[in-house]
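Written out below as structure tokens is the structure these notes cover.
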Amino acid sequence: MLLVVTYSKAARGTLRNVCRTHDETVVRRFGRAALFDETEFGAFLALRLREKHGGDVQIERTEPLNEFAAVAADVRDAAEAYENRETPSTPYDKFAAGTDHPDPSTLRSRDL
Amino acid sequence: MVVVSTSHGVYDGTALDLRDTTVAAADLLAAIRGESPTSLDVTCSSPTPPHDVLGHVSLDDAIPSRRALLAAAARSRGHTAPQRPAYDASLRKLRELEVPTVDVATARKRVADAGAEEAQLRERMATLRGRLQARRETDAETASVTTDLTDTAARLSEVETERIAAEQALDRQERRAADAREVRQRRLELEDRVANLERRMRASLAERISSVFDEERDSLGSLDALGSVEFDGADADVSVTSDDLLSQLVAVRVADLAAPVVVSASVFTDARSAARSLDASVILL
Numbered sequence: 001m002l003l004v005v006t007y008s009k010a011a012r013g014t015l016r017n018v019c020r021t022h023d024e025t026v027v028r029r030f031g032r033a034a035l036f037d038e039t040e041f042g043a044f045l046a047l048r049l050r051e052k053h054g055g056d057v058q059i060e061r062t063e064p065l066n067e068f069a070a071v072a073a074d075v076r077d078a079a080e081a082y083e084n085r086e087t088p089s090t091p092y093d094k095f096a097a098g099t100d101h102p103d104p105s106t107l108r109s110r111d112l
Numbered sequence: 001m002v003v004v005s006t007s008h009g010v011y012d013g014t015a016l017d018l019r020d021t022t023v024a025a026a027d028l029l030a031a032i033r034g035e036s037p038t039s040l041d042v043t044c045s046s047p048t049p050p051h052d053v054l055g056h057v058s059l060d061d062a063i064p065s066r067r068a069l070l071a072a073a074a075r076s077r078g079h080t081a082p083q084r085p086a087y088d089a090s091l092r093k094l095r096e097l098e099v100p101t102v103d104v105a106t107a108r109k110r111v112a113d114a115g116a117e118e119a120q121l122r123e124r125m126a127t128l129r130g131r132l133q134a135r136r137e138t139d140a141e142t143a144s145v146t147t148d149l150t151d152t153a154a155r156l157s158e159v160e161t162e163r164i165a166a167e168q169a170l171d172r173q174e175r176r177a178a179d180a181r182e183v184r185q186r187r188l189e190l191e192d193r194v195a196n197l198e199r200r201m202r203a204s205l206a207e208r209i210s211s212v213f214d215e216e217r218d219s220l221g222s223l224d225a226l227g228s229v230e231f232d233g234a235d236a237d238v239s240v241t242s243d244d245l246l247s248q249l250v251a252v253r254v255a256d257l258a259a260p261v262v263v264s265a266s267v268f269t270d271a272r273s274a275a276r277s278l279d280a281s282v283i284l285l
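For the record, the sequence lines run as chains A and B. For reference, each letter of the first sequence is one residue, going 1 to 112 in UniProt numbering. For reference, each letter of the second sequence is one residue, going 1 to 285 in UniProt numbering.
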């Protein structure tokens, strides 16, 4: 999908109008951002916004995350284990300490 | 005391009637506000900011909201909103923000071009390898295909290098664009804050003066002329109701405006009664 984020009042206003007029192409709208269908028409709408508002419009192409293809197993395991922890108040760094789970700084330093 | 020099003659006093002249309201207001050189020469006390909201009573322009009218009247009487310091500070910060210009499009184009050429050359390489293989199998001459293959490989290597460089340049521009978006984000937050403070200032200023406004409304409300005003503005998009007009007249009456008020709505029979009703210097148009 195409993620369109606006960074000015004017761009936000245009996005609102576009979303109102083309709800068949707009997958979801969140305040001053929206997801457009990944069709040429979606791209056309996004590019019109960028043409009108320049850098006040950010356009990203999104794709679903396949955690089994893109994320290392220890990260998936850590997420699963942490969400099933016994003491809800334990922060993750404490939870990971002394286990095989990666610590937060390691996770931050590794790109997907 | 107001002095207006027009091509029709000189008018002076605190209640002027220019209805027989061809003076346009916009020119007259510009001259009063000293905005742009016009054919008119107006001498009067300098208008204060509330004059922008209250200085023209007309059926052709949209009348500001009741709250905006009251807030302007309150400001003219020296009231200030408690949110003013926060508003000024936010506005100053907003003006100081500078969003850096980042050209990402050129970098994107460069990556796309290099990628397209690279793909084309890879396809060409595959074709040439196939051809070479075929010629070898049939013991045909291979020198020209080999040369072609060597040239294409060299070109591919160049284009690959260019594509990698282009991708790195795009990464840098994307990072700079992301930094610039932080500033844009901050600007948007400040704009929202300024707008919010503006609304709250208007509300609190309007509140300060609303009881005076209501009292004066009763005394002006009996104005006979209001009943006979033609509420069809020249501009079809503007619909002025008698209630809107009355609010504007009352706000002008309550306000303390040094500069003259231009009245182009035919509400008053003469300038003197207009000045009296509005408690201000008046120019009828």
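Quick reminder that beta carbons are idealized off the backbone N, C-alpha and C, glycines included.
Residue-chain proximity (residue i, chain A), Cβ-Cβ < 8 Å
i, result
"B/E35", "no"
"B/Q173", "no"
"B/A112", "no"
"B/R253", "no"
"B/F231", "Unreliable placement is indicated for B/F231, whose pLDDT of 47 sits below 50; the coordinate value is still reported in the next sentence. It does not; no Cβ of chain A falls within 8 Å."
"B/R184", "yes"
"residue 374 of chain B", "Chain B is shown only over 1 to 285; residue 374 of chain B falls outside these bounds and no answer can be derived."
"B/L197", "no"
"B/V262", "no"
"B/R181", "yes"
"B/A177", "yes"
For residue i, the first and last residue of its enclosing alpha helix (DSSP H)
i, result
"A/G54", "From DSSP, A/G54 is part of no alpha helix (DSSP H); its letter is neither H nor E."
"B/L132", "A105 to E137"
"B/F268", "No alpha helix (DSSP H) contains B/F268, which DSSP labels as neither H nor E."
"B/P85", "R84 to E96"
"A/E67", "E67 to A70"
"B/V250", "S242 to V254"
"A/S105", "P104 to S109"
Residues bridged to residue i [DSSP beta-bridge criterion]
i, result
"B/I283", "B/L16 and B/V262"
"B/G9", "B/T6"
"A/R61", "A/L2"
"B/D56", "One detail in the question is off: residue 56 of chain B reads as His in this sequence, not Asp. B/V262, per the DSSP bridge assignment."
"B/T43", "B/V3"
"A/E35", "The question names Glu, yet the displayed sequence has Leu at residue 35 of chain A. A/L3 and A/R28, per the DSSP bridge assignment."
Residue i to residue j span [Cα, whole Å]
i, j, result
"B/V23", "B/L59", "17 Å"
"B/D214", "B/E207", "11 Å"
"A/L49", "B/R95", "25 Å"
"B/Q120", "B/V104", "25 Å"
"B/V282", "B/R33", "15 Å"
"B/D12", "B/P260", "12 Å"
"A/L2", "B/D88", "38 Å"
"A/A11", "B/C44", "42 Å"
"B/V212", "B/S219", "11 Å"
"B/T80", "A/S8", "29 Å"
"B/V145", "A/A70", "42 Å"
N-terminal and C-terminal residue of the beta strand (DSSP E) that residue i is part of
i, result
"A/R29", "V26 to F30"
"B/F213", "Where B/F213 is concerned, there is no enclosing beta strand (DSSP E), although the alpha helix (DSSP H) it sits in stretches over A143 to L220."
Cβ of residue i within 8 Å of any chain B Cβ
i, result
"A/A96", "no"
| request: Please name the residues in the UniProt domain "DUF7855" (1-64) of chain A whose beta-carbon is closer than 7 Å to at least one beta-carbon of chain B, in chain order. | output: When CB distances to chain B are screened at a threshold of 7 Å, the residues of the UniProt domain "DUF7855" (1-64) of chain A falling below it are Y7, S8, K9, G55, D56 and Q58, in chain order.
- Could you please tell me which residues of the region 75-102 of chain B, in chain order, have their CB closer than 8 Å to any CB of chain A? Here the close residues are V99, T101 and V102.
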